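Mind the numbering: the sequence shown is residues -34 to -1, 1 to 342 in mature numbering (1 follows the signal peptide of the UniProt record, and there is no 0), read in order.
Note that the Cβ used here is the ideal one computed from N, Cα and C, for glycine as well.
Since the model is a prediction, treat every value here as computed from it, not as a measurement.
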Amino acid sequence: MSNNGKFIQSKRTFLKTGLASVALSAPFVNRAWAETTELTMLGWYGTAEPDMVGAFEEANNVKFVPKYYAGGDNMLAALAQNPPGTFDIIHTDAEYAKLLVANDLVMQLDANDYPMDDLLHDDFKSFSGHWDDSGNLYSLISRFGHLGVSYNKDVLTAEEASTYDIFWDERLTGKVGHFDWHLPSLGQMSLLVGNESPFDIDDAGWQAVQEKTLSLKPQVGGYFDFGGTFSGLKNAEMLAMVGIGDWVTGILERDGAPVSSVVPKEGGIQWTESYSIAKTSEKADLALKYLAYTMSPEGQVKTAQMLGYPGHCVTKAGRAMLNEVDPAEAQRSRQVDGDPQDPITLINEGRISYRDIPVQQSLEDWNDFWSEYKNA
């Protein structure tokens, strides 16, 4: 069995015993609403806020009760720490969705219920980890974005930021920050050292990633959670960030902050988010209705405009409607035909790698090194 297979087995034990203890980024938000049905969602911050779910709540007499997390490991911890039946909808990163499927934690979906033929890229129609070996769908792609170099425009130009090597620039000493999650940052370091498949690397490739990452330590000013990443860039305490992209700088840019993100010459990493329905949910019918709503043009526009953090539409109809109703955001986020940084163009040019869990190492291997790096 591969290291990855061992990881899935160990996570099965982890999920059953609930031994992990990881602080979540936000507690349950308990809201009592008379004569409404509550749907619980485990997700990244913002996915169950009024700008995303309000119209669906009003139309269906539903109230979402969110529990938020940051980082896939924290999502797994939340599942372990809460009894079966706690969550109805699980919003997660695609690379962790495969673990939910492998551990039989989510219910099967009917692909015919969704506009699969309208997805913007063929890769999205059979996205890795969303389907089982028999071709059954379990997790529904909902939005995506690209990670690259995030930088302060008062200090760096877009051209200077177009390589991960900029993180070692003397102007940034003590001002380079990390989003505190190993997969994004180590994936970028893997691209920088020349690993074509940044998460499927042999021992030599993994050693090169570790050495390159450790060499960045003198430049690093901190490791930040969700909120700290925003404030660090907003207040110019950090002049560049590793492991993030427009999902952070887009919010600040909307508010006028001199920050931006670019996919560098070494390539970018795609984060891909999806929805699954917990197998123990007693409200699957309503949950299925919400999943269908998220794939409608209106739902896709909301995901692009999400106040918590922006993302890209995954359907052609959603992208077309975004350009119609909010052309400023479509242009800002490069979701416009002909833009050289159009996210679909970047995929087609081979400049994007899909974020994944390690293939030849275990997640524990990467997490252990991340802890070592932070404490070096």
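Put simply, the backbone Cα of residue 176 is about 37 Å away from that of residue 281. For residue 98, no alpha helix (DSSP H) run applies, since DSSP gives it neither H nor E. Closest in C-alpha terms to residue 316, from the list 269, 301 and 231, comes 231. In summary, residue 306 is exposed, with fewer than 16 beta-carbon neighbours lying within 10 Å of its beta-carbon over all protein chains present. The three-state secondary structure of residue 317, taken from DSSP, is coil. Under DSSP, residue 142 takes part in a beta bridge, and its partners are 186 and 206. In the three-state DSSP reduction, residue 239 falls in the strand class (E or B). The Cβ atoms of residue 213 and residue 130 do not sit closer than 8 Å to each other. Counting every other CB atom within 10 Å of its CB across the protein chains shown gives residue 113 a total of 16 or more, marking it as buried. If only complete runs of 4 or more residues are kept, the segment 5 to 30 shows the alpha helix (DSSP H) at 16 to 26, in order along the chain.
Annotation for residue 87: 310 and 313 place their beta carbon closer than 7 Å to its own, counting only its chain and skipping 5 residues before and after. Counted as a single uninterrupted DSSP element, the stretch harbouring residue 58 is not any alpha helix (DSSP H) but the beta strand (DSSP E) occupying residues 55 to 59. In terms of Cα proximity to residue 104, the closest of 85, 56 and 125 is 56.
For residue 220, the uninterrupted alpha helix (DSSP H) segment begins and ends at 212 to 220.
Annotation for residue 249: 3, 5 and 54 place their beta carbon closer than 7 Å to its own, counting only its chain and skipping 5 residues before and after. For residue 227, no alpha helix (DSSP H) run applies; the uninterrupted beta strand (DSSP E) run containing it begins and ends at 225 to 228, by DSSP.
As DSSP reads the structure, residue 281 sits in a beta bridge with 85. The residue from 12, 29 and 11 with its alpha-carbon nearest to that of residue 1 is 29.
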